[in-house]
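Residue numbers (this note's numbering), protein chains in the order written: chain Y, 482 to 568; chain U, 1315 to 1515; chain H, 17 to 257. First comes the structure, then the notes that go with it.
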């Protein structure tokens, strides 16, 4: 029996680049639930759903949800405290 | 700009018998597993289903109590918003009419909650009158966890994201609150025959 | 952008590398991937991500594709695509699972099945740039004939003093095989991976179960989680639109 296991954030690199206009997976994010800081590339991604759900690798809280609307891509911020670029 | 790729045909998409498949859907013989998060592992000894009515009163069933309720076996078509439809799926479960029989204040709106945190909202009139079940057997076998076991909601006349997996209870009230996918831009109601996939459709 | 298929290399019975010519390719880092989109005549589209198998070299982009049983895209790429065909690609993509020689090492690469593709780009980059960083490459495959890039790896390991290659074969092995013959486990990682004391940069890629087990064990063995980067392949191999 297969479990729906998560993928890594880097699987969304193309989608995130399309939305934000820059490479996002090497950027850091702070979870709004547990305060863990990780690169977005290390987030747990549930791809096979009506949208892409990005969860904190530490506590599994939903960080962001990406839905491809007919009108455009919507990125919903659920529980992400901040994002930070790498210098 | 997209261009046609010479020789590419894509997965063979069956159209299905006329009138059975809503617009924009294709028929699959597989049963794809879609999930927004980790599969919850719920021990049957810990499992319960709770109905909270509009007055705040609760009814609760343990697994053995729940599975002792009268059940129905139904064969229905299911339609996922990601465009696949699966015809003639057979489920066994407890009708929401049975669960709501002793509910004092039925309210107009229901919000279902699942183990793992998933939620989905529906009008009470769309889950009563023989339209919805809490199902725990699929094709004659106990429902597997990847497909929502121990028990999931089954509301076949709406897009399948409304058929919440790993369901643990329902809260009824007079106000409508959007569930998980509804709050991220999916349609609040989700009728596949009117192709109500996204908010605004 | 449109890329033209210029050459095919059969790596194993189920794996083929495809050399693409991408006009004005901006270059890429080892570990990055491309998104490939195919459009059928009725407008149906399928999209998959493929890791780039070699470091940047002008307009040349090489991907390595494994045949997925009952797949939708890989059978087309492996059996139907012809030299001269054009396909739509987007890239390069990814900034997390990348390594370049300037990042140093020691470098530890661990791949399961076709998870070795982005790792091979890193290894080839290291060799080409004559990097000082020593490299250890550990791969897992079902059988000898399933080892992708096998001949090249043998050559590199024998000619480059800073590169060590270990393969483990999990289902069957030839009679004269001297390498490990089981799934990657804690004992194998403890034996063949750079010790935590030298603080290696670890890149783990492959099917989800493989990556999860290897990454967890590396951390248990004492490797710092920030120095273990993972790329899991899902069953479908990419984002679906």
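Beta carbons are placed, not taken as given, at the ideal position from N, Cα and C, and that holds for glycine.
is_contact[residue i, chain Y] using C-beta, thresh 7 Å
i	result
residue 224(H)	yes
residue 1378(U)	no
residue 1390(U)	no
residue 1429(U)	no
residue 109(H)	yes
residue 244(H)	no
residue 1395(U)	yes
residue 58(H)	no
residue 1351(U)	yes
Host alpha helix (DSSP H) of residue i (start-end)
i	result
residue 1495(U)	1494-1497
residue 167(H)	166-175
residue 229(H)	224-236
residue 1412(U)	1410-1414
residue 205(H)	202-208
residue 494(Y)	494-501
Counterpart residues of residue i in DSSP-defined beta bridges
i	result
residue 49(H)	67(H) and 109(H)
residue 550(Y)	553(Y)
residue 1388(U)	1405(U)
residue 26(H)	32(H)
residue 1428(U)	1481(U)
residue 1363(U)	1375(U)
residue 79(H)	34(H) and 68(H)
residue 533(Y)	547(Y)
Contact with chain U by residue i, beta-carbon distance below 7 Å
i	result
residue 85(H)	no
residue 40(H)	no
residue 253(H)	Unreliable placement is indicated for residue 253(H), whose pLDDT of 45 sits below 50; the coordinate value is still reported in the next sentence. It does not; no Cβ of chain U falls within 7 Å.
residue 532(Y)	yes
residue 551(Y)	yes
residue 529(Y)	yes
residue 496(Y)	no
residue 535(Y)	no
residue 526(Y)	no
C-beta neighbour in chain H for residue i, strict 7 Å
i	result
residue 555(Y)	no
residue 1326(U)	no
residue 1345(U)	no
residue 517(Y)	no
residue 1322(U)	yes
residue 486(Y)	yes
residue 1526(U)	There is simply no residue 1526(U) to check, as chain U begins at 1315 and stops at 1515 in what is shown.
residue 1433(U)	no
residue 491(Y)	yes
residue 1319(U)	yes
residue 541(Y)	no
Where the beta strand (DSSP E) through residue i begins and ends
i	result
residue 136(H)	Premise fails: residue 136(H) lies in the alpha helix (DSSP H), 132-144, not in any beta strand (DSSP E).
residue 248(H)	244-249
residue 119(H)	Note, residue 119(H): premise wrong, no beta strand (DSSP E); not H, not E.
residue 537(Y)	Neither: residue 537(Y) is in no beta strand (DSSP E) and is coded neither H nor E.
residue 1452(U)	1447-1452
residue 1435(U)	1433-1437
residue 154(H)	151-157
residue 184(H)	179-185
Presumed contact (8 Å Cβ cut-off) between residue i and residue j, rounded CB distance
i	j	result
residue 1473(U)	residue 1395(U)	4 Å
residue 1425(U)	residue 1493(U)	6 Å
residue 1365(U)	residue 1373(U)	5 Å
residue 1490(U)	residue 1442(U)	With 8 Å as the limit, residue 1490(U) and residue 1442(U) do not qualify as a contact, their Cβ atoms being about 16 Å apart.
residue 106(H)	residue 50(H)	7 Å
residue 202(H)	residue 233(H)	5 Å
residue 109(H)	residue 63(H)	The pair is not a contact, with the Cβ atoms about 12 Å apart (cut-off 8 Å).
residue 1479(U)	residue 1428(U)	6 Å
residue 1468(U)	residue 1405(U)	5 Å
residue 507(Y)	residue 247(H)	13 Å between Cβ atoms; not a contact.
residue 91(H)	residue 83(H)	6 Å
residue 156(H)	residue 227(H)	The pair is not a contact, with the Cβ atoms about 11 Å apart (cut-off 8 Å).
residue 1447(U)	residue 1409(U)	5 Å
Check: residue i C-beta below 6 Å from any heavy atom of the ligand NAP
i	result
residue 529(Y)	This structure lacks the ligand NAP; in fact it carries no ligand of any kind.
- request: Flag this pair as touching only if the region 1326-1345 of chain U and the region 506-526 of chain Y have three or more C-beta atom pairs under 8 Å; answer yes or no.
  value: no
- request: May I ask you to verify whether the region 1315-1329 of chain U touches the region 39-57 of chain H, counting CB pairs closer than 8 Å and requiring at least 3?
  value: yes
task: Could you tell me whether the region 1383-1395 of chain U touches the region 18-36 of chain H, where touching means 3 or more Cβ pairs closer than 8 Å?
output: no
message: Measuring CB atoms only, is the region 36-48 of chain H touching the region 80-100 of chain H, in the sense that at least three cross pairs come out at less than 8 Å?
response: no
query: Just checking, does the region 1493-1503 of chain U make contact with the region 541-556 of chain Y on the three C-beta pairs under 8 Å criterion?
result: yes
Touch test, the region 23-30 of chain H against the region 1419-1434 of chain U, Cβ-Cβ under 8 Å, three pairs minimum: With a cut-off of 8 Å, the region 1419-1434 of chain U and the region 23-30 of chain H do not count as touching, because too few Cβ pairs lie within range.
- request: Indicate whether the contact test is met: 3 or more Cβ pairs, each with one atom in the region 181-198 of chain H and one in the region 213-222 of chain H, closer than 8 Å.
  value: no
- request: Spell out a yes or no on whether the region 126-137 of chain H and the region 58-69 of chain H are touching, meaning 3 or more CB-CB pairs, one atom from each, closer than 8 Å.
  value: yes
field: Inter-stretch contact (C-beta, 8 Å, three-pair minimum) for the region 511-524 of chain Y and the region 144-156 of chain H
entry: no
query: On the three-pair Cβ rule with 8 Å, is the region 498-517 of chain Y touching the region 547-562 of chain Y?
result: yes
message: Three or more C-beta pairs under 8 Å: does that hold for the region 173-182 of chain H against the region 147-160 of chain H?
response: Because the criterion of three Cβ pairs below 8 Å is met, the region 173-182 of chain H and the region 147-160 of chain H touch.
message: Contact between the region 1330-1337 of chain U and the region 1368-1384 of chain U is defined here as three or more beta-carbon pairs at a separation below 8 Å; is this criterion met?
response: no
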